[in-house]
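Trainee: In the UniProt record's numbering, the protein residues as written are 1 to 118.
Note that CB positions come from ideal geometry on N, CA and C, so glycine has one too.
A single structure is presented below for examination.
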Amino acid sequence: SWADLERDLSAWLGNAMQVNALDELYRMEAMVKASGDQQIVNDWRKLQTSDHFYYMCTKYFSDGDVHKYFNPYDSPYDSYINYMNVLSNLNERCRNASDRKMEIKQTGQHAGQQAAYL
Numbered sequence: 001s002w003a004d005l006e007r008d009l010s011a012w013l014g015n016a017m018q019v020n021a022l023d024e025l026y027r028m029e030a031m032v033k034a035s036g037d038q039q040i041v042n043d044w045r046k047l048q049t050s051d052h053f054y055y056m057c058t059k060y061f062s063d064g065d066v067h068k069y070f071n072p073y074d075s076p077y078d079s080y081i082n083y084m085n086v087l088s089n090l091n092e093r094c095r096n097a098s099d100r101k102m103e104i105k106q107t108g109q110h111a112g113q114q115a116a117y118l
């Protein structure tokens, strides 16, 4: 960030919370795309917005309050907990979408098998 002394990516990837959150987000990519649900894909893309990781920044001490000034959370930890809860919700939505796809597929196979017997 140009507002920081280091002028690097540490405002977004400078601590374990940020790295873990980003790892979890990208770990979900295949499941999100396989869900076939456009709203899930859109939400997953919005979760890639750099602001989410910026809010988890813990560099307040060396760079003043520039990070805190733009942060709607009380602390970087609060931001991380909220973000991980949202990821958990998205993960559940992916599983539900996958289950629905499987039910539809199985129902279609049953209908095809029944029609073959008629």
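State the Cα-Cα distance for the pair I104 and R95, rounded to the nearest angstrom.
Mentor: 14 Å
Trainee: Tell me which residues share the same chain as T107 and place their Cβ nearer than 6 Å to its Cβ, disregarding the 5 neighbours each side in the sequence.
Mentor: none
Trainee: What is the rounded straight-line gap between the Cα of D23 and the Cα of S88?
Mentor: 13 Å
Trainee: Rounded to a whole number of angstroms, what is the C-alpha to C-alpha distance between V32 and N82?
Mentor: 20 Å
Trainee: In terms of residue numbering, what span does the alpha helix (DSSP H) encompassing Y55 cover?
Mentor: Here Y55 belongs to no alpha helix (DSSP H), and DSSP marks it neither H nor E.
Trainee: Report the rounded CA-to-CA distance for W44 versus S35, giving the unit in angstroms.
Mentor: 11 Å
Trainee: Return yes when the Cβ of Y26 is within less than 8 Å of the Cβ of M56, no when it is not.
Mentor: no
Trainee: For T58 and P76, which I take to be in contact (beta-carbon distance under 8 Å), what is that distance rounded to the nearest angstrom?
Mentor: 5 Å
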